[in-house]
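For reference, the structure discussed in these notes is given below.
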Amino acid sequence: MVVIDEKKCIGCGLCAADCIALNIEVEEKAGVKKECMQCGHCVAVCPKGAVSIPEYDMDDVEEYDADSFTLQPEQVLHSMKFRRSIRDYKQEQVEESVLRQLVQAGRYTATAKNSQSNGFVFVQKELTTLKDKVWQFIDDISKKDIREIDKALLPYIMFNQRRKKDAADDYLFRNAPAVLYIVSDSPLDAGLAAQNMETMAVSLGLGVLYNGYLARISDANEELKQWLGIGDRTIRACMLLGYPARHYVRTAPRKAPDVIWK
Ligand SMILES: Cc1cc2nc3c(=O)[nH]c(=O)nc-3n(C[C@H](O)[C@H](O)[C@H](O)COP(=O)(O)O)c2cc1C
């Protein structure tokens with residue numbers, strides 16, 4: 009529950025004005041009415057640092073410093089235009105400190121109703137086990153009568169055949185050193201986190217591949233989900249991660265924008 013420190017509160021009303029739940033009343037001082045979704049706007053907007061939410065780690069809250077924030081619009085657009093799906097990686101491990109920065113990008117992403125239901129699973133040390141489990145699952149599907157196999161699974165059988173002929177031809181894992189799964193109650197929340205994590209990854213020199221095929225086959229594999237430690241949570245996104253072995257020298261062309269102006 010939101011807590012307002014009466015000694016610090018000056019009754020300016022900024023917290024009440026910015027409260028989407030209309031949960032704060034101000035007479036002389038601000039007061040909280042009930043439980044809320046704990047979006048933290050009241051904490052972030054208070055000029056006196058009078059508001060806290062003890063359910064969170066309040067030491068994590070940072071003060072805004074205009075001088076340290078120098079992101080320019082052209083840099084933002086540049087990062088979007090020059091990011092590329094990376095399907096070829098250097099055989100270098102990704103440092104844990106780097107992966108932890110991706111966690112921060114995911115964690116601070118907006119979520120509907122502030123649900124914060126996204127969870128992140130990084131697989132690097134145990135990547136060989138992950139690969140074995142995924143390919144074994146596909147092997148087991150392949151053993152079924154072809155007429156019983158869901159059409160959506162047929163590409164996996166082809167990927168598996170290709171991999172068996174040439175281990176380097178691995179459509180699911182490429183040669184990436186790490187895999188990230190995002191589990192969430194909401195596909196959109198997970199997608200937004202994935203995008204923020206990719207932006208962060210690129211800024212750290214990493215490359216990423218959103219991997220829809222790997223996400224779907226992993227989510228269908230209950231045993232794998234137990235091994236990942238996510239139980240029955242839904243895998244909404246999956247990304248290969250690593251330092252890119254390919255360098256792109258220009259942007260990729262795109263369709264003209266589909267926009268309506270009224
Ligand atoms: C949700 C999503 C799933 C994707 N799944 C795969 C995949 O399974 N395999 C793959 O090679 N590329 C996958 N991609 C990458 C797209 O093919 C790629 O984004 C698109 O061709 C544009 O290239 P770019 O990312 O370099 O701009 C996926 C992209 C998205 C957004």
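In the working numbering, the protein residues as written are 9 to 270. Glycine included, C-beta positions come from ideal geometry on N, C-alpha and C.
With DSSP as the reference, label residue i as helix, strand or coil.
{"i": "Cys17", "result": "coil"}
{"i": "Phe130", "result": "strand"}
{"i": "Leu162", "result": "helix"}
{"i": "Ala186", "result": "strand"}
{"i": "Ala223", "result": "helix"}
{"i": "Ile238", "result": "coil"}
{"i": "Ile157", "result": "coil"}
{"i": "Ser93", "result": "strand"}
{"i": "Ala24", "result": "helix"}
{"i": "Ile268", "result": "coil"}
{"i": "Pro252", "result": "strand"}
{"i": "Val142", "result": "helix"}
{"i": "Leu196", "result": "helix"}
{"i": "Leu232", "result": "helix"}
{"i": "Arg262", "result": "coil"}
{"i": "Val191", "result": "strand"}
{"i": "Glu43", "result": "coil"}
{"i": "Leu217", "result": "strand"}
Rounded to whole angstroms, what's the CA-CA distance from residue i to residue j? Just pull it up for me.
{"i": "Glu14", "j": "Gly48", "result": "18 angstroms"}
{"i": "Ile238", "j": "Arg92", "result": "29 angstroms"}
{"i": "Thr276", "j": "Ser105", "result": "Given a span of 9 to 270 for the chain in the structure shown, any question on residue 276 remains unanswerable."}
{"i": "Arg244", "j": "Lys16", "result": "43 angstroms"}
{"i": "Ile268", "j": "Ala118", "result": "26 angstroms"}
{"i": "His255", "j": "Ala74", "result": "34 angstroms"}
{"i": "Gly213", "j": "Gln203", "result": "15 angstroms"}
{"i": "Ala228", "j": "Ile94", "result": "25 angstroms"}
{"i": "Gly114", "j": "Ala201", "result": "5 angstroms"}
{"i": "Val111", "j": "Met205", "result": "7 angstroms"}
{"i": "Asn31", "j": "Val69", "result": "21 angstroms"}
{"i": "Asp26", "j": "Pro81", "result": "26 angstroms"}
{"i": "Met247", "j": "Ile225", "result": "13 angstroms"}
{"i": "Lys37", "j": "Lys121", "result": "27 angstroms"}
{"i": "Pro163", "j": "Ile157", "result": "11 angstroms"}
{"i": "Tyr97", "j": "Leu217", "result": "10 angstroms"}
{"i": "Ala260", "j": "Cys50", "result": "42 angstroms"}
{"i": "Glu100", "j": "Val210", "result": "16 angstroms"}
Would residue i pass as an interface residue toward chain C - the criterion being a Cβ-Cβ separation below 8 angstroms?
{"i": "Thr136", "result": "The structure shown contains no chain C; it is built from a single protein chain."}
Between residue i and ligand 2, is there a pair consisting of the residue's CB and a ligand heavy atom that are separated by less than 7 angstroms?
{"i": "Asp140", "result": "With respect to ligand 2, the structure shown offers nothing to examine, as its ligands consist of ligand 1."}
Report task. Report yes or no: do three or more beta-carbon pairs, one from the segment 186-198 and one from the segment 124-133, lie closer than 8 angstroms? Result -> yes
Query raised in the report: Does the segment 81-90 come close enough to the segment 37-45 that 3 or more CB-CB pairs lie under 8 angstroms?
Result: no
Report task. Would you list the residues whose beta-carbon is nearer than 5 angstroms to any heavy atom of ligand 1, in the order they occur in the chain? Result -> Arg92, Ser93, Tyr218, Asn219, Gly220, Tyr221
**Report entry** In chain order, each alpha helix (DSSP H) run of at least 4 residues that lies wholly inside the segment 52-89
**Finding:** none
Requested in this report: Report yes or no: do three or more beta-carbon pairs, one from the segment 218-235 and one from the segment 133-145, lie closer than 8 angstroms?
Outcome: yes
Requested in this report: Go through the segment 97-123 residue by residue and report every complete run of the alpha helix (DSSP H) that reaches 4 residues or more, in order.
Outcome: 104-115
Query - Touching by the beta-carbon criterion (3+ pairs, under 8 angstroms), the segment 46-66 and the segment 173-185 - result: no
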